[in-house]
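In this note's numbering, the protein residues as written are 2 to 234.
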């Protein structure tokens, strides 16, 4: 009797041991499965981001010339190129300007925070985008670039340098004027209702509209406001 009971105890202990092992294995498998699922979700998220970026920014096949209506600062000396590493037209534009010794600055919209912010401000839908004075070239065409750049160099296509006429500061729409002195106030209205911001000496603003009297409407970094034309040049 004692021998039989001992055998029975040993026999019933085997299933218990197997059940314990299976439980531990189940926990391990569950943990492993969780990690696999987490990794899959990360891969899917990255894929969705990549797909969204591809849909948002792609190479512009048909080049388009247009006047600028954006708030990105005008560079009076250089061409601005917005590009991406995968964009063949961007490479063509870069090499062409380098071969012609054209002064330009380039921003990668995927790598440069400044490039990405400007691209958003430009309502970009593809690259390359070239800003040449007050003109914009979306896409790439060597002949279109030559046409725009010649106009830019002649001064007709760049509103970045305000031109004086008869000793008076230029106030043509689209001109860029700079503060003559430090702390030039930009008002929210021509009635000097409130000061929006103060311009540092040499800081640029874009003329949006000619006004009667001493004030002109301008686009500053802080927004649209009014400045005394006598304090800018």
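Where is the CB? At the ideal position from N, CA and C, for every residue including glycine.
It should be emphasised that the depicted structure is a prediction, and the values quoted were computed from it without experimental measurement.
### Query
So residue 201 and residue 183 are in contact, right, with Cβ under 8 Å, and what is the actual spacing, rounded?
Start at 1 with the first residue of the chain shown, and residue 201 comes out as number 200. Start at 1 with the first residue of the chain shown, and residue 183 comes out as number 182. 6 Å between Cβ atoms; contact.
### Message
With three or more beta-carbon pairs closer than 8 Å as the criterion, would you say the stretch 120 to 136 touches the stretch 68 to 75?
### Response
yes
### 8 Å contact criterion, which residue 205 and residue 177 should meet: CB distance rounded
Taking the chain shown and counting its residues from 1, the one referred to as residue 205 is at position 204. Taking the chain shown and counting its residues from 1, the one referred to as residue 177 is at position 176. Rounded, the Cβ-Cβ distance is 5 Å, consistent with contact.
### Query
Out of curiosity, what's the CA-to-CA distance linking residue 234 and residue 185?
For the purposes of this step, residue 234 is taken as the residue at position 233 of the chain shown. For the purposes of this step, residue 185 is taken as the residue at position 184 of the chain shown. One C-alpha to the other measures close to 12 Å.
### Message
Rounded to whole angstroms, what is the Cα-Cα separation between residue 62 and residue 137?
### Response
To locate residue 62, count along the chain shown from 1; it is residue 61. To locate residue 137, count along the chain shown from 1; it is residue 136. If I take the Cα positions, the gap works out to 15 Å.
### Query
Per DSSP, which one or two residues make a beta bridge with residue 60?
Start at 1 with the first residue of the chain shown, and residue 60 comes out as number 59. Per DSSP, 128.
### Message
Closest to residue 103 by C-alpha separation, out of 78, 189, 210, 209, would be which residue?
### Response
In the chain shown, the residue the question calls residue 103 occupies position 102. Here the closest residue by C-alpha is 78.
### Query
Taking just the CA atoms, how far does residue 222 sit from residue 36?
Residue numbering aside, residue 36 sits at position 35 when the chain shown is read from its first letter. Residue numbering aside, residue 222 sits at position 221 when the chain shown is read from its first letter. Taking the straight line from one Cα to the other gives about 47 Å.
### Query
To the nearest angstrom, how far is it from the Cα of residue 139 to the Cα of residue 220?
Within the chain shown, numbered from 1, the residue matching residue 139 stands at position 138. Within the chain shown, numbered from 1, the residue matching residue 220 stands at position 219. Their Cα atoms are separated by approximately 23 Å.
### Query
Between the beta-carbon of residue 108 and the beta-carbon of residue 83, is there less than 7 Å?
Here the question's residue 108 lines up with position 107 in the chain shown. Here the question's residue 83 lines up with position 82 in the chain shown. Against a cut-off of 7 Å, the Cβ pair of residue 83 and residue 108 comes out as a contact.
### Task
Tell me whether residue 227 is buried or exposed, calling it buried when 16 or more other Cβ atoms sit within 10 Å of its Cβ.
Counting from one through the chain shown, the residue named residue 227 turns up at place 226. That one is buried.
### Exposed unless 16 or more other CB atoms sit within 10 angstroms - verdict on residue 65
Within the chain shown, residue 65 is the residue found at index 64, counting from 1. By the 10 Å Cβ count, residue 65 comes out exposed.
### Query
Straight-line CA distance for residue 225 to residue 80?
In the chain shown, residue 225 corresponds to position 224, counting from 1. In the chain shown, residue 80 corresponds to position 79, counting from 1. Each residue's Cα considered, the two are about 25 Å apart.
### Query
If we count the other Cβ atoms within 10 Å of its Cβ and call it buried at 16 or more, is residue 99 buried or exposed?
For the purposes of this step, residue 99 is taken as the residue at position 98 of the chain shown. Exposed: under 16 other Cβ atoms inside 10 Å.
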